[in-house]
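Chemist: Numbers given in our numbering equal positions in the sequence shown, counted from 1, plus 7.
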Amino acid sequence: MIDTVKPILTYDSSEMYGIPKMSLTEEMNLPAAKRQTLSNKVEMISKYSLAHQALDQIRSRARQIPLIDDQEHADAVQGMYDLFMQAYDLLWKAATHGMH
8 MIDTVKPILT YDSSEMYGIP KMSLTEEMNL PAAKRQTLSN KVEMISKYSL
58 AHQALDQIRS RARQIPLIDD QEHADAVQGM YDLFMQAYDL LWKAATHGMH
């Protein structure tokens, strides 16, 4: 009897990442520009859920911010807001990148 090793994780890369199915050898032999594009696509898609978790964390923390009459507190909240707005602007810049 011949043992066959089955992969632990199975997924359709074309569905998950929007890339054509290819062997490991084909992937390793991609021209540099295609390899760069493939890598960037996979990273953006892989990091999406982590970015979504960060947004959920921001929303949760923002809901818990108490309304108190303290300038140091107000300044700290302003700092968080400023960072959020920078990220918000960059997200939309990335979302619309290359669209004309």
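Glycine included, every Cβ here is placed at the ideal spot set by N, Cα and C.
What separation, rounded to the nearest whole angstrom, lies between the Cα atoms of Asp96 and Met106?
Modeler: Residue 96 sits at position 89 when you count from the first residue of the sequence shown. Residue 106 sits at position 99 when you count from the first residue of the sequence shown. One C-alpha to the other measures close to 16 angstroms.
Chemist: What did DSSP end up calling Gly25 once you bin it into helix, strand or coil?
Modeler: Residue 25 sits at position 18 when you count from the first residue of the sequence shown. Coil at Gly25, not helix or strand.
Chemist: Quick one: grab the DSSP three-state call for Asn36.
Modeler: As a position in the sequence shown, residue 36 is number 29, starting the count at 1. Here Asn36 sits in coil by DSSP.
Chemist: Which residues in the same chain have their Cβ closer than 7 angstroms to the Cβ of Leu37, if we skip the five residues on either side of it in sequence?
Modeler: Looking up residue 37 in the sequence shown gives position 30. Within the same chain, Leu37 has close Cβ partners Leu45.
Chemist: Is Ile52 closer than 8 angstroms to Tyr24 when the C-beta atoms are compared?
Modeler: Here the question's residue 24 lines up with position 17 in the sequence shown. Here the question's residue 52 lines up with position 45 in the sequence shown. Going by C-beta atoms, Tyr24 is nearer than 8 angstroms to Ile52.
Chemist: What is the residue span of the alpha helix (DSSP H) that His80 lies within?
Modeler: Along the sequence shown, read from residue 1 onward, the residue named residue 80 stands at position 73. For His80, the uninterrupted alpha helix (DSSP H) segment begins and ends at Gln78 to Ala102.
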